[in-house]
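First residue of the sequence shown? That's 145 in this note's numbering, and the numbers climb one at a time after it.
Even for Gly, the Cβ is constructed at its ideal location relative to N, Cα and C.
What you are looking at is a predicted structure, and each value in this text was computed from that prediction instead of being measured.
Reading through the structure tokens given below for one structure.
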Amino acid sequence: MQITETVSEGLRREYRIVVEAKDLDEKLTGRLDEMKPRVHLKGFRPGKAPISFLKKAYGKSLMQDIVNEAATQGKDKAIADNALKPAFPPRVELASELDDVVEGKADLEFTVTVDLMPDFELGDPAKLQIEKLTAEVTDEEVEGAIERLAEQARSYTARPEGEAAQDGDSIVMDFVGSIDGEEFPGGKAENFNLILGSGQLIPGFEDQLIGAKAGESREVKVKFPENYQEPKLAGKDAVFAVKVNEVKSPDTIAIDDELAKRVGLASLGELKERMREQMKTDFARASRVHMKRRILDALDAAHAFPLPPTMVEGEFGAIWRAVEAELQREGKTAEDEGKSEEELKKEYHDIAERRVRLGLVLARIGEQNGIQVNPDEIQRAVAMRARQFPGQEQQVFDYYASSPQAMAEIRAPIFEDKVVDFIAELCEVTERKVDRETLFLDPDEAAARLLKE
145 MQITETVSEG LRREYRIVVE AKDLDEKLTG RLDEMKPRVH LKGFRPGKAP
195 ISFLKKAYGK SLMQDIVNEA ATQGKDKAIA DNALKPAFPP RVELASELDD
245 VVEGKADLEF TVTVDLMPDF ELGDPAKLQI EKLTAEVTDE EVEGAIERLA
295 EQARSYTARP EGEAAQDGDS IVMDFVGSID GEEFPGGKAE NFNLILGSGQ
345 LIPGFEDQLI GAKAGESREV KVKFPENYQE PKLAGKDAVF AVKVNEVKSP
395 DTIAIDDELA KRVGLASLGE LKERMREQMK TDFARASRVH MKRRILDALD
445 AAHAFPLPPT MVEGEFGAIW RAVEAELQRE GKTAEDEGKS EEELKKEYHD
495 IAERRVRLGL VLARIGEQNG IQVNPDEIQR AVAMRARQFP GQEQQVFDYY
545 ASSPQAMAEI RAPIFEDKVV DFIAELCEVT ERKVDRETLF LDPDEAAARL
595 LKE
């Protein structure tokens, strides 16, 4: 076996490996000698068939196995002899005609491409300076949350016969939507409950039902928004034939012990405490989202090193496929996003590089500090996933049990969160008080708002 390095650029190595035909033939002969005593060929006593006959009968299938084994051995030898640390499974490509190799007419020649794990110096997480956004749960916010709860639990009473619907009323209706005289999928419903003024339906729909009475039929004309989620309806004029079945006015909201009892609690005081604790949990979760983003940004800024090309391209490919699917679903192109396709690809390629870089940094931190994901944590995550598919829980469990890749996808975010939490305990964290609205913004939007202050 001859191994020759042909490429040594950055983190990429490539080797040309040649296994001579005579060596392959020797392995084939050895295999046939081993199986000869067990072979029964017509016209020959057991174990007496000549090797030449055995080659004709079994040579091709055995040689295919030998070729595969030789490729694997050559790849492993190239990696071992050069003390390589692959970042990705090496790629093996045949350079000779397989049929000629199997028939013993040509040497086996193939290339092995290896992307190496980068050797980089890890920054000290304890030296990171992180800003943590926090917000206080005020009495006013608790009161507001309870008012919203009371609004959701509000009851409605039927208006007297002949009384017209007003803004804020509840109406029960049947409707059928059509475009150019033809019904469209999803545009039909019976006994649909709508609160007028809630903005539940497309703009203009609810306004045209104010003044309607129970038993009345109306024709509602609307235009679907240009950015409507269903591309086939976006920007189209539609007509809805509406039959109003009931008109009900809202009852007065009472924030008292009875409200608490309606949600399973003993008193209004207990409801307020429960609401405050839930909001604290929600605030803490939102605060952690911002802190995690700041930690990842700081780690990304603190590390610059070459990245394995195959890892980057694999990550970019997954991202770009998702982007293309989203654009297709919305009936858009890259130009609709205000960028050329090349500009959009560059943007997402940068994101892919960031993800790969951070993945390597987090993996190194986790490895150096013995951070692991235990089986119980993975099983809990799988169980949470299974609960999202009622009635199909067992199929979900079976899928993850039989798919190492799917299990790795479950493990990755758990590991990432554990490493981030580890870093958060080491680094210097400064709290910054913000309002509730800012706390619940996307990290990029929150950062932009805070820069303006």
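Asked, Found
"Check whether I315 and E390 have beta carbons under 8 Å apart", "yes"
"Same chain, Cβ closer than 7 Å to L409, five either side skipped, listed in chain order", "L415 and R418"
"C-beta atoms of L451 and V500 nearer than 8 Å", "yes"
"Contact between the region 150 to 168 and the region 253 to 260 (3+ Cβ pairs under 8 Å)", "yes"
"Whole-angstrom distance between A224 and D444, CA atom to CA atom", "32 Å"
"With 16 other Cβ atoms within 10 Å as the buried cut-off, status of L172", "buried"
"Spatially closest choice to T600 from A568, V573 and E597, by CA coordinates", "Only positions 145 to 597 of the chain appear in the structure, and residue 600 is not among them; the question remains open."
"Length at least 3, wholly inside the region 306 to 363: the beta strand (DSSP E) runs in chain order", "314 to 323 and 326 to 339"
"Cutoff 6 Å; reference G355; Cβ partners in own chain excluding five residues on either side", "A308"
"Buried versus exposed call for G218 [16 or more other C-beta atoms within 10 Å across all chains shown]", "buried"
"Residues sharing a beta bridge with Y300, DSSP", "P394"
"Residue span of the beta strand (DSSP E) that contains E92, given as start and end", "Residue 92 lies beyond the residue range present for the chain, which begins at 145 and ends at 597; the question has no answer from this structure."
"Identified DSSP bridge partners for K577", "T278"
"Assigned exposure category for E572 - 16 Cβ within 10 Å defines buried", "exposed"
"Identity of the residues DSSP links to Q146 by a beta bridge", "V162"
"Residues bridged to P230 [DSSP beta-bridge criterion]", "L260"
"Every unbroken alpha helix (DSSP H) inside the region 437 to 510 [4 residues or more]", "453 to 474"
"Straight-line Cα distance separating E363 from D426", "43 Å"
"contact_flag[the region 398 to 413, the region 529 to 539] where n(CB pairs < 8 Å) is 3 or more", "no"
"Supposed contact pair G359 and V320 - C-beta distance, whole angstroms, cut 8 Å", "The pair is not a contact, with the Cβ atoms about 17 Å apart (cut-off 8 Å)."
"Chain-order list of residues whose beta-carbon lies under 8 Å from that of G341 (same chain, five-residue window excluded)", "D311, G312 and E350"
"Exposed unless 16 or more other CB atoms sit within 10 angstroms - verdict on E459", "buried"
"Span of the beta strand (DSSP E) around E237", "R235 to L238"
"Residues bridged to D381 [DSSP beta-bridge criterion]", "K367"
"Selected residue, minimal CA-CA separation from G503, among K392, E178 and D441", "D441"
"Endpoints, alpha helix (DSSP H) assigned at Y544", "E537 to S546"
"Sequence-distant residues of the same chain with beta carbon closer than 6 Å to R235, five excluded per side", "T257"
"Coil, strand or helix - E273 by DSSP", "The sequence shown places Gln at residue 273, not Glu. Strand."
"Top-ranked residue by Cα proximity to D565, from E481, G510 and R576", "G510"
"Counted within 10 angstroms of its Cβ, other Cβ atoms place I274 as buried (16 or more) or exposed", "buried"
"Within 8 Å, strictly: CB atoms of F328 and L377", "yes"
"Same chain, Cβ closer than 6 Å to D251, five either side skipped, listed in chain order", "V162, E164 and A165"
"F232 and T454 closer than 8 Å at C-beta", "yes"
"Test item: CB-CB of L260 and L155 under 8 Å", "yes"
"Nearest-angstrom Cα separation, counted from A404 out to D586", "33 Å"
"Opening and closing residue of the alpha helix (DSSP H) in which G608 lies", "Shown here, the chain extends from 145 to 597; a query on residue 608 therefore has no answer."
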